[in-house]
Amino acid sequence: MSSVASKKRKRNEDISEVSLSLSTQDVAQIGPVLASFPALQPTKSIPYRCYESKKEPNKPFAEQDTIIVGETESVEFVSGSESRSAAAGCSYLVGIHDKRTNTTVFRPAPLHVLTRTVKKLKNLESIVSNNDARLAQRNKLGETFGTKKAKAAIRAQERNRIDIDAMSGTTGHLQTRIGENTVNLPTREEMKAAADEARPIPPYDADAERPDDVYALHDIIPESEFNAISVQAITKASSDKERQQLLPYSRSEWVNYHLRLVFAGSKPNKKTLKILYYVSVMLAFKQFSRSLEKDKLPERLKTVPSIVIDGLFSRFTETARESTQSKMTSQTETSLMTHMFALCLRVDDFATDYALLAGDLKMESRQVGDLFKSLGCHLGTLTQGDLTRLGLPSTAAQTKRAILSTPLHFPEVRQKRMRR
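What the sequence shown shows, in my numbering, is residues 1192 to 1611, in sequence order.
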């Protein structure tokens, strides 16, 4: 036991006495090399030589631009450019241990990644097969053995083929022309402003702080037409039915409902009465203008001032070239309805039951709702506070309305995607 213990102590003492040191050789002198053989295991008998690409006598050997070459009768191993990228950011040391002096000496060493090349295949040209070659061979077969239809298709394909090499000289010119032509293109903000300006709606104040200021009354009803409207006969009528018969269009549920509300109070609001009368005129104009000429419409609307009829014709109809007859187009009809809806919003304190108007116009509620949206309205129900402010019953909370609020926001114009 004592002899075994003494041997262990001696071994431990030997290990503790190992010394480490750096090589004292000239750093520029050739030294050991680390070699990596990916996916290979070469035999140990292959001799290797180290070559330097240029003389750098003062540069450390590990940093010199060198290559390692080894060969047998059938294969050769050469280190390539991968060696530098593999060793990037790393420094390698090779340690040589001398058992006699129990000393390990370290020296910097470069890393080389070697690849194998079979000598018999070294000088053979690689066979390149690309799409153009295959297509040319297929077309040649088609021209020789194909049907008339197949040959015609091949010739058409050749005519339509784009020669990329021929276009290489024009690429820069095209890019320059595209850059010059796109400089003056409008920005997204400018396009939005132009789209808002082109909407078939009344003039508006985009910076208005109150809904009442968004659409000015006399931008919809010119002041001269507004002053020409007389509602004296309506105020003197003794019943709702008699008042409705005095309107240019007496079958509107929306107008008749608001007419009853006006006379439910102690003193009818003359301004509101004139607006209701004008909405009734617009409904009658929409109904009759498609089938009647301008000089015959006053016969159907005898109680309407001529200045009002002339104003509606001038703003909401168009005259075809080489014709004297005015017609309402889809664009002018949309403009007529948006002007009318702006008046409805004013009467309804800017929260209109658009489904009621859809029934009067014999249109879908969705279509009428979209026109209100084009005015900057959003569709929704009223809160309890809004119902109280407008004097509406709690049952009206279920009714969806077009509500105009500020700041004014218009819906974004959707761009149609091109069909492929």
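Every residue gets a Cβ at the ideal spot worked out from N, C-alpha and C, and that includes glycine.
In this text the structure is predicted, and so the values were computed from the model without any measurement.
Would you call the CB atoms of residue i and residue j closer than 9 Å?
{"i": "L1595", "j": "L1548", "result": "no"}
{"i": "S1505", "j": "I1392", "result": "no"}
{"i": "Y1242", "j": "T1257", "result": "yes"}
{"i": "A1226", "j": "S1270", "result": "yes"}
{"i": "S1212", "j": "F1297", "result": "yes"}
{"i": "L1492", "j": "F1507", "result": "no"}
{"i": "I1412", "j": "Y1469", "result": "yes"}
{"i": "G1222", "j": "I1237", "result": "no"}
{"i": "F1601", "j": "R1401", "result": "no"}
{"i": "T1529", "j": "R1592", "result": "no"}
{"i": "T1494", "j": "P1439", "result": "yes"}
{"i": "K1311", "j": "S1265", "result": "yes"}
Please classify residue i as buried or exposed, where buried requires at least 16 neighbouring CB atoms within 10 angstroms.
{"i": "L1656", "result": "Here the chain has residues from 1192 to 1611 only, and residue 1656 is not among them."}
{"i": "K1465", "result": "buried"}
{"i": "C1568", "result": "buried"}
{"i": "S1421", "result": "exposed"}
{"i": "R1434", "result": "buried"}
{"i": "H1409", "result": "exposed"}
{"i": "E1603", "result": "exposed"}
{"i": "F1336", "result": "exposed"}
{"i": "N1351", "result": "exposed"}
{"i": "S1429", "result": "exposed"}
{"i": "N1447", "result": "buried"}
{"i": "L1620", "result": "Since the first residue shown for the chain is 1192 and the last is 1611, residue 1620 is missing from the structure and cannot be characterised."}
{"i": "S1443", "result": "buried"}
What number of angstroms, rounded off, separates the C-alpha of residue i from the C-alpha of residue j?
{"i": "L1474", "j": "D1486", "result": "18 Å"}
{"i": "G1456", "j": "D1561", "result": "33 Å"}
{"i": "Q1589", "j": "F1417", "result": "35 Å"}
{"i": "F1268", "j": "T1292", "result": "37 Å"}
{"i": "A1546", "j": "T1572", "result": "13 Å"}
{"i": "T1308", "j": "T1294", "result": "40 Å"}
{"i": "P1164", "j": "R1379", "result": "The displayed coordinates of the chain run from 1192 to 1611. Any statement about residue 1164 would go beyond what the structure contains."}
{"i": "K1427", "j": "S1471", "result": "19 Å"}
{"i": "M1609", "j": "I1369", "result": "Residue confidence for M1609 is low, a pLDDT of 48 falling below 50, so the modelled location carries little weight; the figure read from the coordinates is stated next. Cα-Cα distance, rounded: 21 Å."}
{"i": "D1577", "j": "T1367", "result": "59 Å"}
{"i": "R1618", "j": "P1229", "result": "A query on residue 1618 cannot be resolved here, the shown segment of the chain reaching from 1192 to 1611 and no further."}
{"i": "K1518", "j": "F1532", "result": "21 Å"}
{"i": "Q1558", "j": "F1454", "result": "31 Å"}
{"i": "L1302", "j": "I1259", "result": "10 Å"}
{"i": "D1398", "j": "V1405", "result": "8 Å"}
{"i": "N1372", "j": "H1364", "result": "12 Å"}
{"i": "L1326", "j": "V1304", "result": "40 Å"}
{"i": "I1318", "j": "L1332", "result": "Low confidence applies to I1318: its pLDDT is 49, below 50, so where it sits in the model is not reliable enough to give any reading."}
{"i": "K1458", "j": "L1452", "result": "11 Å"}
{"i": "R1512", "j": "L1552", "result": "30 Å"}
{"i": "Q1436", "j": "L1503", "result": "22 Å"}
{"i": "A1324", "j": "I1345", "result": "15 Å"}
When the Cα of residue i is compared with those of the options, which residue comes out closest?
{"i": "Q1516", "options": "A1587, L1488, R1379 and Y1545", "result": "L1488"}
{"i": "L1599", "options": "D1403, L1332 and P1223", "result": "D1403"}
{"i": "N1249", "options": "D1217, G1280, Q1348 and V1224", "result": "D1217"}
{"i": "A1419", "options": "I1500, Q1220 and R1451", "result": "I1500"}
{"i": "I1287", "options": "C1281, Q1220 and S1214", "result": "S1214"}
{"i": "H1449", "options": "D1540, M1519 and D1398", "result": "D1540"}
{"i": "L1581", "options": "T1597, E1555 and V1538", "result": "V1538"}
{"i": "Q1423", "options": "M1554, L1503 and N1460", "result": "N1460"}
Query raised in the report: Which residue spans inside the stretch 1445-1532 form an unbroken alpha helix (DSSP H) run of at least 4?
Result: Annotation note: the stretch 1445-1532 contains the following uninterrupted alpha helix (DSSP H) runs of length 4 or greater, listed N- to C-terminal: 1461-1479, 1488-1491 and 1497-1507.
Query raised in the report: Could you give the uninterrupted runs of the alpha helix (DSSP H) lying entirely in the stretch 1560-1606, keeping only those of 4 residues or more?
Result: 1575-1581
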